[in-house]
Amino acid sequence: MTESITQIQEPVGKRFNWEIFLQDNITGSWFQAIWVLLLTIFTISYAISQFDNLPLSTGIILGGWVIGIFMVVRGELSLKHSRLSRWLKNNLISSISNTILTLLIILVIAFSINSIWQWAVVNANFNPLETTPEFRTEEGATWGVIFGARKLLMTGLMAPEDSWRVWIALGFILVMWVLTLVSGRPKLKEKLKALRTVVNTVWLLSPAILYLFLAGAPNNPYNIKLMLIAEVGILAIYLLLWWQKVVQFYWRSFIITALGWPLLYTIWSTIGTSEFFPPINVDTWGGLLLTMIIASAVIVLSLPLGMVLALGRRSEVYGIPDWIVWPVAVGAMIWGFTTTPVLLETSRNLIERLLAFWPLLIFGVAYILQRAFKGNVVAGASTTFIEFIRSVPLITLLFMGIVMAPFFLAPGVYTPKPWPVIIGYTLFASAYSAEIIRGGLQAIPHGQFEAADSLGFNGLQKMRFIVLPQALRIVIPPIVGQFIGAFKSSSLVSIVGLFDFVGISKVVIANNEWLGLRTELYVFMAVVYFLGSFLMSSYSRRLEVRLGLGER
Amino acid sequence: MATMEGPSQSFVDEIIVCENVHKWFGEFEALRGLDLRVKPGEVIVIIGPSGSGKSTFIRCLNRLEEHQDGRIIIDGIELSHDLRNIQVVRREVGMVFQQFNLFPHLTVLDNITLAPINVRKWSRDHAEELAMTWLHRVGIPEQAAKFPGQLSGGQQQRVAIARTLTMQPKILLFDEPTSALDPEMISEVLDVMRDLARSGYTILAVTHEMGFAREVANRVIFMDAGKIVEENTPDDFFNNPKEERTKLFLSQILQH
């Protein structure tokens, strides 16, 4: 005991102590010694093999490493460190095993960068006309395929004469983005208020505008009935929101709401009749275009849907009382069992006979509703939906979307594949978003709800002004992770026969000209996916900082 | 529009009427038949040992907790399952919490004006003017643009008081407003509360500040085990309490 205390009290670092040095680095424990030994053997053999390959650069790295060690050792023995040697000591050469690891990692990095450089640049062939096997080499990439197959990679099987519409759509998004960034700058914020209103309105309309460019407007006759039904629905929602005091009644906003839809519908059908943007077969969408369409549709739609599901799962509305649920359930069961004799008569085997007892399921549902959810149908339905979707693989949902879409439609109506895929994928993503958002909601202290209640906010106002702004800020990191996942996993749609960015590569490498040029394509895809994901994650970090004001 | 100096006028004789109020948390009976009548402008301090139901009681008055039996009538409106009644009542009953419960994502000014603009439907200009007046009165107008996280506890509680008062409530409920504060910040909040008590607000305060009770209360109510044990003027309550339980409690808290 006294010995160890005196050891600690000795001024550390005054003189180099070999005993402590060896104990810290090798003899301290048996696995440390073995680790250093194995590491040394591995590094030496790796260095020797690389020395045969590239003697010059290996020699330079080894030389630099030895000089570094020399500097640190000299500084250590003379108790005088220069800035460089102190940095080396703190970061790279702090112990024996770290010193060896430093060498190993520098060698690995140097040689992988070198071989990638050799393959991708030095020995590569960039000529788009020289992609056939006779021009290829083992040592170099044939980048011509990217340029040669650019049409397929970007828009898939879409007719080339429609490409200009994709360009316009792209230009539209870029212009909108620039305008948003410019009008959102703190210095210009006050001056460009009007511009910001316009930009926000156009963003709200952008799905319709993009749809017009990318899918086109059909030349249908003006459907007055459809127009009026939708108008009534819109007005009903507006009145409901006004009644619930979510929106304040202003004549201006009311007139915009009331006239907006008829106006838009008229514009839409005029464009359709003019045949300026004739419909495009959306089944031909492909490549990066399809990936972007699916990813952005899923991201934009799944967030609000997830919010609704999360709020639904946490809702505490008064449940349906027992005296309503049970009579209804029993009545439905009795009604169901009246069909049982028919089913039993026509049954051919045990399973069909058991199916005759399906009305018992009504009892089960009623029991679960009353026991687990206390009669709260909203919470019950949201929870069931979330748990069901989360326990089914995405691929199954995509197949279900495509296979089962015809069941929901009139016979003979054909749905282009992208729509059921987008719907199925949105449901999938929204279940996950809902759970993330629910986590955010649970992180809001109870006092916030109480303060909002005590000030007289109603339920929707409380969510809109107090709970959701805080909850959504908390969930930015995981929800952006979820968005990035949705963006990347959209490549799964190639399994159900859509040629998205990844799926189209099969078409490209099946082409005689580019037969088997997998590596080049996959490297290119990795770069594109990286750019997309990195953009999202860096934007989310900026958003976090901006919304994090005052948050401690 | 109500005057700035005092609360808006009430047209009933008894602004709070509680009759035989009962409240259960599962099996546990938190309130066992409370009766209380409060006239407009009265200042009532509720004291009692922890777990005696005093917080639960005043939280029932704006229905943050739901009473299961008996009647609570606030300014002529009975609290029932009708959501509209509850919202009307909550507009007229302001509450200040132990933990301040400011909205951390909004500036001080936005914290104060959010409810007046969206619940009272006042214009932003009017709400901000009133908010600044109240910030002046609680002594921190210079903090209007800051976020709650940048303020001290005492300042936060004063913002919370300003937030409550900008709604122009008729009744103020204080739920242990100084219990979460450092000792040197208690007095700044008590000063504001004293000021309010003297300007004619109807106040129900749960607090352990006996000095405050002595000075400004019209009545002191002592609660224990979900019941009102003793109800008295502050002088009589502290100098010659009637009940044994009160004497015991007072001797315990006055020992140190």
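Protein chains in written order, with my numbering: chain H, 1 to 552; chain P, 1001 to 1256. Note that the Cβ used here is the ideal one computed from N, Cα and C, for glycine as well.
Distance from the Cα of H:Ala-381 is smallest, within the candidate group H:Gly-68, H:Leu-369, H:Gln-448 and H:Thr-27, for H:Leu-369. Counting along the chain, the unbroken beta strand (DSSP E) around P:Asn-1020 starts and ends at 1016-1025. The continuous stretches of beta strand (DSSP E) do not include H:Arg-136, and DSSP gives it neither H nor E. Shown here, P:Arg-1037 sits in a strand according to DSSP, grouped into three states. Taking 8 angstroms as the threshold, the shortest C-beta distance from H:Leu-152 to chain P does not fall below it.
The region 461-471 of chain H makes no contact with the region 248-256 of chain H, as fewer than three CB pairs between them are under 8 angstroms. Taking a C-beta cut-off of 9 angstroms against chain P, the contacting residues of the region 312-326 of chain H are Tyr-318, listed in chain order.
In this structure, H:Ala-297 keeps its C-beta atom at 8 angstroms or more from the C-beta atom of H:Phe-487. Among the residues of the region 447-459 of chain H, those with a Cβ less than 7 angstroms away from any Cβ of chain P are Gly-447, Gln-448, Glu-450, Ala-451, Asp-453, Ser-454, Leu-455, Gly-456, Phe-457 and Asn-458, in the order of the chain. The DSSP assignment places complete alpha helix (DSSP H) segments of no fewer than 4 residues inside the region 1127-1166 of chain P at 1153-1166, in order along the chain. For P:Gln-1252 and P:Pro-1049, the gap between their C-alpha atoms comes out near 10 angstroms. At a C-beta separation below 7 angstroms, H:Phe-465 has these neighbours in chain P: Leu-1114 and Asn-1118.
In the structure shown, H:Glu-130 adopts coil according to DSSP, grouped into three states.
The three-state reading of DSSP puts H:Met-525 in helix, counting H, G and I together. In the three-state DSSP reduction, H:Gly-312 falls in the helix class (H, G or I). Distances from the alpha-carbon of P:Leu-1031 to those of P:Glu-1014, P:Glu-1019 and P:Phe-1057 put P:Phe-1057 closest. Taking 4 residues as the minimum length, the alpha helix (DSSP H) runs contained wholly in the region 326-389 of chain H are 340-346, 350-355 and 360-373, in order along the chain.
P:Met-1223: member of the beta strand (DSSP E) spanning 1219-1224, first to last residue.
Scanning the region 275-325 of chain H for uninterrupted alpha helix (DSSP H) segments of 4 residues or longer gives 287-314, listed from N- to C-terminal end.
Selection H:Val-317, H:Val-121 and H:Ile-386 evaluated against H:Arg-438 yields H:Ile-386 as nearest (Cα-Cα). For the pair H:Leu-210 and H:Ala-159, the CB atoms are not nearer than the 8 angstroms cut-off. Close to H:Arg-473, with beta-carbon spacing below 9 angstroms, are these residues of chain P in chain order: His-1105. At a cut-off of 8 angstroms, the C-beta of P:Gln-1155 has no neighbouring C-beta in chain H. If you draw a straight line from the Cα of H:Pro-218 to the Cα of H:Thr-270, it comes to about 10 angstroms. Straight-line spacing of the CA atoms in H:Ile-422 and H:Leu-311 works out to 23 angstroms.
Contact check for P:Val-1159 against P:Val-1043 fails: the beta carbons are separated by 8 angstroms or more. H:Ala-510 and H:Gly-516 have their alpha carbons spaced roughly 7 angstroms apart. Residue P:Gly-1051 holds the alpha-carbon nearest to the alpha-carbon of P:Asp-1224 among P:Val-1021, P:Gly-1033 and P:Gly-1051. Taken through DSSP and simplified to helix, strand or coil, P:Ala-1030 comes out as strand. Burial check for P:Lys-1054: the Cβ neighbour count within 10 Å reaches 16 or more, so the residue is buried. Taking 8 angstroms as the cut-off, the beta carbon of H:Ile-389 is found closer than this to the beta carbon of H:Leu-427. Per DSSP, P:Lys-1227 is one residue of the beta strand (DSSP E) stretching across 1227-1232. DSSP, read as helix, strand or coil, puts P:Arg-1063 in coil.
Judged by beta-carbon spacing, P:Pro-1177 lies beyond the 8 angstroms limit of P:Leu-1102, meaning their Cβ atoms are not closer than that value.
Scanning chain P for C-beta atoms nearer than 7 angstroms to the C-beta of H:Gln-461 yields Asn-1118, reported in chain order. Taking 7 angstroms as the Cβ-Cβ cut-off, the region 1169-1197 of chain P has no residue approaching chain H.
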